[in-house]
Amino acid sequence: MRYISTRHGSQGNPQPLGFEDVMLAGLARDGGLYLPAEWPQFSKAEIASLRGQPYGEVAYRVMRPFIGDAFDEATFRRLIGEAYASFETPEVAPVKPLGESGLHLLELFHGPTLAFKDVALQLLGRMLDHTLTARQQHATIVGATSGDTGSAAIEAVRDRRTIDIFMLFPHGRVSEVQRRQMTTVLAPNVHNVAIEGTFDDCQDLAKACFNDLAFRDRHALTAVNSINFARVMAQIVYYFWAAVKLGAPERPVAFTVPTGNFGNVYAGYAARQMGLPVSHFVVATNSNDILARFFEAGGMTMTDVVPTYSPSMDIQISSNFERLLFDLYGRDGKALADAMAGFRSRGTLKVGANALGGVRELFDAGRLDDEGTLKAIVDCRKRFGVTLDTHSAVGYAVAQQHRRDPKVPMVVLSTAHPAKFPDAVEKAVGERPALPPRLADLMERTERVDGLPNDVATLKSLIDERMAALRQPSRAARR
Ligand SMILES: N[C@@H](CCOP(=O)(O)O)C(=O)O
């Protein structure tokens with residue numbers, strides 16, 4: 001399996017890379033995102049053979065074609081086993097019907113930090129550590145979070161000698177639980193940075209660090225956001241997992257995905273490209289609805305980000321969307337690079353009706369504002385006795401507007417535990433969802449965080465200084 005950049009051809013034609021190099025690079029050096037040159041194909045028989053298998057086995061079989069010779073079978077199985085042993089349920093990602101409605105919740109929040117990001121990051125942290133240890137290398141993660149990726153990535157790499165992590169989050173724009181899940185991790189390799197700006201600013205800062213090739217090489221930067229294809233790969237698994245439970249390959253399944261950065265729904269699209277029978281996807285957004293507007297009208301226009309009760313989706317520039325656009329531009333990396341440059345300078349991007357054709361059929365989209373989100377939480381609790389978090393509530397409500405065929409099961413990705421957003425959930429149902437016992441004292445723990453302006457030079461200086469200090473022999477020995 002070889003990987004190419006979505007912008008290949010825009011700055012020469014670099015050699016396609018193998019899995020390990022793609023995982024370590026995170027973002028391609030031309031600013032694009034890696035993806036497989038060709039999608040591995042699963043026959044009906046191969047999909048059917050996944051039925052009844054435990055999550056770890058499904059994960060192994062679905063991901064095996066992507067990793068090439070990066071890990072031998074025993075190692076890869078061990079890394080998968082360890083990653084999912086950290087989940088609170090042996091099922092890892094339970095699929096639960098909502099009564100007789102035809103809606104099903106795919107619960108992705110049973111990992112250590114209570115959000116779907118754990119599914120990929122528990123594995124990615126282990127794969128990175130394994131590869132870096134074997135190569136006797138160190139890497140520096142620079143990541144951006146609107147709330148959930150941050151703690152999941154930190155939890156996955158804390159205390160590892162092979163990795164330091166700098167996690168940028170928008171100051172005052174994540175929930176208190178989300179912030180504390182990051183800032184109370186006092187491990188020496190964890191560096192939290194609160195940025196005066198939005199998540200989009202944080203993501204731009206992270207990408208600017210990668211695009212400064214001297215800086216990138218000096219610190220051996222790597223990524224944990226969904227720009228890293230390894231994240232997408234591990235998320236593809238749960239689409240196969242849920243679909244076979246509900247009758248694939250004989251029966252198609254629909255998925256509704258609450259999304260901001262488009263990584264989660266792109267993983268579903270990838271599963272479909274691999275042969276999974278998916279009737280359609282529903283992209284569910286909050287009031288930051290640039291993605292919904294794209295699927296309705298074929299164009300994207302940036303507007304200001306507004307804070308909502310579902311902060312992880314408070315995003316205008318969905319970086320993973322570039323992977324879908326790559327297909328819409330006929331896999332022409334040069335044309336896509338020009339379109340992305342135009343989007344950044346003009347704030348708009350239009351895709352012609354022809355190019356959009358097939359995708360229009362495949363994706364529906366809808367939005368839900370804060371008032372609707374609270375109502376959806378109440379409604380789901382009344383009808384089915386299930387308390388959703390604010391992001392899953394957006395998915396739950398939007399899914400119901402986009403059922404195409406009542407015989408096709410609709411899976412709503414339940415992306416986070418309600419206790420991550422206690423204020424909004426309490427406002428809706430009058431009851432504060434409790435954190436699990438292992439996090440019960442989260443609000444009393446000591447926090448450590450640096451505050452920075454939205455300025456790339458200041459951020460790079462912080463990383464340079466911190467890494468220089470950590471390399472001093474006396475500090476290094478203590479790590
Ligand atoms: N919603 C995310 C934003 C980053 O997305 P990613 O999937 O690219 O890591 C978050 O909660 O941080």
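Mind the numbering: the sequence shown is residues 1 to 479 in the UniProt record's numbering, read in order.
Glycine included, each C-beta is placed from N, C-alpha and C at the ideal position.
Source: prediction; values computed, not measured.
- When you compare only the Cα positions, how much space is there between Ser-43 and Gly-275? Mapped onto the sequence shown, residue 43 falls at position 43. Mapped onto the sequence shown, residue 275 falls at position 275. Straight-line measurement puts the Cα of Gly-275 at about 7 Å from the Cα of Ser-43.
- Task: Name the residue from Gly-333, Gln-137, His-280, Ala-45 whose alpha carbon lies nearest to the alpha carbon of Ala-365.
- Result: Position 365 of the sequence shown, counted from the start, is the residue given in the question as residue 365. Residue His-280 holds the alpha-carbon nearest to the alpha-carbon of Ala-365 among Gly-333, Gln-137, His-280, Ala-45.
- Contacts around Arg-51, its chain only, beta-carbon distance under 6 Å, and the 5 residues preceding and following it disregarded: Against the sequence shown, residue 51 aligns to sequence position 51. Contacts found: Val-244.
- Item | Residues sharing a beta bridge with Glu-107, DSSP | Taking the first residue of the sequence shown as position 1, residue 107 is located at position 107. According to DSSP, Glu-107 bridges with Ser-414.
- Message: Mapping the DSSP letters down to three states, classify Thr-18 as helix, strand or coil.
- Response: Sequence index remark: in the sequence shown, residue 18 carries index 18 (1-based). First, the residue type needs correcting, since residue 18 is Gly and not Thr in the sequence shown. Note: Gly-18 maps to coil in three-state DSSP.
- Query: Just checking, does the region 53 to 69 make contact with the region 288 to 301 on the three C-beta pairs under 8 Å criterion?
  - Reply: Output reads no: the region 288 to 301 does not touch the region 53 to 69.
- Query: Can you round the beta-carbon distance between Val-408 and Pro-258 to whole angstroms, since I take them to be within the 8 Å contact cut?
  - Reply: Locating residue 408 in the sequence shown gives position 408, where the first residue counts as 1. Locating residue 258 in the sequence shown gives position 258, where the first residue counts as 1. The Cβ separation is near 19 Å, so there is no contact.
- Message: With a threshold of 7 Å (Cβ to nearest heavy atom), would Asp-148 be considered close to ligand 1?
- Response: Here residue 148 refers to the residue found at position 148 when the sequence shown is read from its first residue. Remark: the shortest separation between the CB of Asp-148 and any heavy atom of ligand 1 falls under 7 Å.
- Message: For a test of your reading of the model: does the CB of Phe-199 fall under 7 Å from any non-hydrogen atom of ligand 1? Yes or no.
- Response: Within the sequence shown, the letter at position 199 stands for residue 199. Within the cutoff, so yes.
- Leaving out five residues before and five after Leu-98 in sequence, what residues of the same chain have Cβ atoms less than 6 Å from its Cβ? Sequence index remark: in the sequence shown, residue 98 carries index 98 (1-based). Correct list, in chain order: Phe-384.
- Using the rule of at least 16 other Cβ atoms within 10 Å of the residue's Cβ for burial, across every protein chain shown, is Thr-458 buried or exposed? Reading the sequence shown from its first residue, position 458 is the one you call residue 458. By the neighbour-count rule (16 or more Cβ atoms within 10 Å), Thr-458 is not buried but exposed.
- Can you give me the start and stop residues for the beta strand (DSSP E) that Ile-195 sits inside? If you number the sequence shown from 1, residue 195 lands on position 195. For Ile-195, the enclosing beta strand (DSSP E) starts and ends at 190 to 195.
- Ranges of the alpha helix (DSSP H) found wholly within the region 136 to 221, counting only runs of at least 4: With a minimum length of 4 residues, the continuous alpha helix (DSSP H) runs that stay inside the region 136 to 221 are 148 to 157, 176 to 183, 199 to 211, 213 to 219.
- Message: On a Cα-Cα basis, can you pick out the residue from Asn-261, Asp-200, Ile-163, Leu-356 that is closest to Thr-222?
- Response: In the sequence shown, counting from the first residue as 1, residue 222 sits at position 222. Between Thr-222 and the set Asn-261, Asp-200, Ile-163, Leu-356, the nearest pair of CA atoms involves Ile-163.
- Is it the case that the CB of Gly-172 approaches a heavy atom of ligand 1 more closely than 7 Å? Reading the sequence shown from its first residue, position 172 is the one you call residue 172. Every heavy atom of ligand 1 is 7 Å or more from the Cβ of Gly-172, so no.
- Where does the unbroken beta strand (DSSP E) through Tyr-3 begin, and where does it stop? By one-based count along the sequence shown, residue 3 stands at place 3. For Tyr-3, the enclosing beta strand (DSSP E) starts and ends at 3 to 5.
- Message: For the structure I just gave you, are there three or more beta carbon pairs, one from the region 129 to 148 and one from the region 434 to 446, closer than 8 Å?
- Response: Counting C-beta pairs with one atom in each stretch, the region 129 to 148 and the region 434 to 446 have fewer than three that are closer than 8 Å, which means they do not touch.
- Looking only at C-alpha atoms, which of Thr-348, Met-340, Tyr-329 sits nearest to Gly-357? As a working note, residue 357 is residue 357 in the sequence shown. Taking the Cα of Gly-357 as reference, the smallest distance to any Cα among Thr-348, Met-340, Tyr-329 is reached at Tyr-329.
- Item | Closest Cα partner of Ala-139 within the set Ser-151, Gly-125, Ala-152, Gly-150 | Numbered from its first residue, the sequence shown carries residue 139 at position 139. Comparing C-alpha distances from Ala-139 to each of Ser-151, Gly-125, Ala-152, Gly-150 shows the shortest one belongs to Gly-125.
- Item | Continuous alpha helix (DSSP H) assignments of at least 4 residues falling wholly in the region 343 to 411 | Counting only runs of 4 or more, we get 353 to 362, 370 to 384, 390 to 401.
- What is the residue span of the beta strand (DSSP E) that Ser-279 lies within? Here residue 279 is taken as the residue at index 279 of the sequence shown, counted from 1. Unbroken beta strand (DSSP E) run through Ser-279: 278 to 285.
- Distance between beta carbons of Asp-327 and Asn-288, contact taken as under 8 Å: In the sequence shown, counting from the first residue as 1, residue 288 sits at position 288. In the sequence shown, counting from the first residue as 1, residue 327 sits at position 327. With a Cβ gap of about 24 Å, Asn-288 and Asp-327 do not count as contacting.
- Message: Measuring straight from C-alpha to C-alpha, what distance separates Gly-247 and Thr-256?
- Response: As a first step, residue 247 is located in the sequence shown; it is residue number 247 there, counting from the start. As a first step, residue 256 is located in the sequence shown; it is residue number 256 there, counting from the start. Taking the straight line joining both Cα atoms gives about 17 Å.
- Message: DSSP three-state label for Ala-70, please.
- Response: Here residue 70 corresponds to residue number 70 of the sequence shown, with the count starting at 1. Three-state result, Ala-70: coil.
- Secondary structure at Pro-90, three-state DSSP: helix, strand or coil? Position 90 of the sequence shown, counted from the start, is the residue given in the question as residue 90. DSSP places Pro-90 in coil when its eight states are reduced to three.
- Between which two residues does the alpha helix (DSSP H) containing Leu-328 stretch? Taking the first residue of the sequence shown as position 1, residue 328 is located at position 328. 321 to 328 is the extent of the alpha helix (DSSP H) around Leu-328.
- Message: So, with DSSP's three-state summary, where would you put Asp-338?
- Response: Within the sequence shown, the letter at position 338 stands for residue 338. The three-state secondary structure of Asp-338, taken from DSSP, is helix.
- Query: Just curious, the alpha helix (DSSP H) that Thr-458 is in, first and last residue?
  - Reply: Indexing the sequence shown from 1 puts residue 458 at position 458. Counting along the chain, the alpha helix (DSSP H) containing Thr-458 begins and ends at 456 to 471.
- If you draw a straight line from the C-alpha of Asp-118 to the C-alpha of Ala-254, how long is it? Start at 1 with the first residue of the sequence shown, and residue 118 comes out as number 118. Start at 1 with the first residue of the sequence shown, and residue 254 comes out as number 254. Distance between the alpha carbons of Asp-118 and Ala-254: 23 Å.
- Identify whether Ala-248 lies in helix, strand or coil by the three-state DSSP scheme. Reading the sequence shown from its first residue, position 248 is the one you call residue 248. Annotated three-state conformation of Ala-248 is coil, per DSSP.
- Query: Per DSSP, what kind of secondary structure is Met-300 in: helix, strand or coil?
  - Reply: As a position in the sequence shown, residue 300 is number 300, starting the count at 1. Three-state DSSP puts Met-300 in a strand.
- Task: Indicate the three-state DSSP secondary structure (helix, strand or coil) for Phe-76 in the structure shown.
- Result: On the sequence shown, residue 76 is found 76 positions in, with the first residue counted as 1. In the structure shown, Phe-76 sits in a helix (DSSP, three-state: H, G or I).
- To which residues of the same chain is Asp-450 closer than 8 Å at the C-beta, ignoring the five residues directly before and after it? As a first step, residue 450 must be located in the sequence shown, where it is residue number 450. Result list for Asp-450: His-191, Asn-192, Val-193, Ala-194, Leu-462, in chain order.
- Task: Report the partner residues of Tyr-266 according to the DSSP bridge assignment.
- Result: Indexing the sequence shown from 1 puts residue 266 at position 266. In DSSP, Tyr-266 forms no bridge with anything.
- Burial state of Lys-420 (16 or more Cβ within 10 Å): Working through the sequence shown from its first residue, we reach residue 420 at position 420. Burial call: buried.
- Reference Asn-454; option with closest CA among Asp-201, Asn-225, Tyr-396, Val-62: Along the sequence shown, read from residue 1 onward, the residue named residue 454 stands at position 454. With distances taken between Cα atoms, Asn-454 lies closest to Asp-201.
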